Amino acid sequence: MQNIKAHGKQKWLIHLSFLCMLFMFTNSYAVMNAFDNPVNHPPIPLLDEQGKHVLESNNPYSPKQSCAGSGCHDYEAITHAYHFEMGRDEADDNYGAKRGLPHLVSPGYYGGYTCMDGDTQNVLAKKVNADAENFADLGSAGWVKDCMSCHTGGGWAEKDREGIRYDEKDIADIKPLDGDYYTREVDHMTGESTVSMWDWKKSGVGEADCMFCHVDFNTLKLPDDSGLEEMLTPRRARQAFTTEGFFARQHQA
């Protein structure tokens, strides 16, 4: 018995030694690997959705036009990664029913289990809903409002479950209570909720924002005529837009 314990302890020490060596060599490799060193991106014009320079149009920049319009980056391939899709491309109204969890729509964050509201799970509305009562907590627009301050954009913030960009969908083809084009609004004073169509053409969509991860905002200078006292980080700017700004109030306009 003592020999067995000694042998087990020896194996444990060997495994621990290998683990320490792995961390040591991994860190050393990262330091020596020149490909991991950050480099400055070549200067490029920032373009709006129509392909015009933002300094001329005074419109928000479009990551798709700026980064893919030049032919440099494959925007569609990049945004098809799970980091952007998070289950949108796997969503199916019957996904959960096949697994004994009928309220789930996909295996990912979008339409699956989320923990962002603590012990209160938000459920994504299905694509097809028989009536407003069966329309779940959030449509896709509600998901954007709740989650866009952290999400990089693209995926479910840009396209519906059929792969169509929200603001390019023909309104005549939208079926009643479609979970991608209807949303549930809750009156926080009365607690009553209503389900109504969301105007994606008015609110716009969330393209994948490359700057969310690839820009050092500490190096940016605030324009004198910006009207801001300090530079907004991408997360703070998105949060202001979706929870305090136009996107949240667009039905009241």
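Heads up: take any position in the sequence shown, counting from 1, add 248, and you land on the working numbering.
From the three backbone atoms N, C-alpha and C, an ideal C-beta is built for every residue, glycine too.
Nothing here was measured: the structure is a model prediction, and the numbers come from that model.
Burial state of residue 441 (16 or more Cβ within 10 Å): Burial call: exposed.
Spatial distance of residue 429 from residue 362 (CA atoms): Cα atoms of residue 429 and residue 362: separation of roughly 21 Å, rounded to the nearest angstrom.
DSSP three-state assignment for residue 429, whether helix, strand or coil: Three-state DSSP puts residue 429 in coil, outside helix and strand.
Residue nearest to residue 411 in terms of C-alpha spacing, selected from 460, 475, 433, 340: Per the Cα distances, 340.
Cβ pair count under 8 Å reaching 3, the segment 396–411 against the segment 440–458: Three or more pairs of CB atoms, one per stretch, sit closer than 8 Å, so the segment 396–411 contacts the segment 440–458.
Exposure of residue 330, with buried meaning 16 or more beta-carbon neighbours within 10 Å: Flag for residue 330 reads exposed.
Backbone secondary structure at residue 248 - three-state DSSP: Outside the shown range of the chain (249 to 501) lies residue 248, about which nothing can therefore be said.
Neighbourhood of residue 311 by C-beta distance below 7 Å, restricted to the same chain and skipping five residues each side: If we look at residue 311 and ignore the five residues flanking it on each side, its Cβ neighbours are 455, 456, 457, 458.
Residues of its chain near residue 462, where Cβ-Cβ distance is below 8 Å and the 5 sequence neighbours each way are ignored: Non-local C-beta neighbours of residue 462 in its own chain, meaning closer than 8 Å and more than five positions away in sequence, comprise 289, ordered along the chain.
Distance between beta carbons of residue 358 and residue 372, contact taken as under 8 Å: At roughly 7 Å, the Cβ-Cβ gap stays under 8 Å, so residue 372 and residue 358 are in contact.
DSSP three-state assignment for residue 409, whether helix, strand or coil: Residue 409 sits in coil when the DSSP states are folded into three classes, being neither helix nor strand.
Residue 377 classed as buried or exposed, judged by whether at least 16 other C-beta atoms fall within 10 angstroms: Classification of residue 377: buried, given that the 10 Å Cβ count is 16 or more.
Same chain, Cβ closer than 7 Å to residue 230, five either side skipped, listed in chain order: No statement about residue 230 is possible, as the shown extent of the chain runs from 249 to 501 and does not include it.
Secondary structure of residue 354, DSSP reduced to three states: In the structure shown, residue 354 sits in coil (DSSP, three-state: anything other than H, G, I, E or B).
Span separating the alpha-carbon of residue 276 from that of residue 282: Bear in mind that the predicted position of residue 276 carries a pLDDT of just 49, short of 50, making it too unreliable to give a figure here.
Enclosing beta strand (DSSP E) for residue 445 [first to last residue]: Residues 441–445.
Exposure label - residue 375; buried when at least 16 CB within 10 Å: Flag for residue 375 reads buried.
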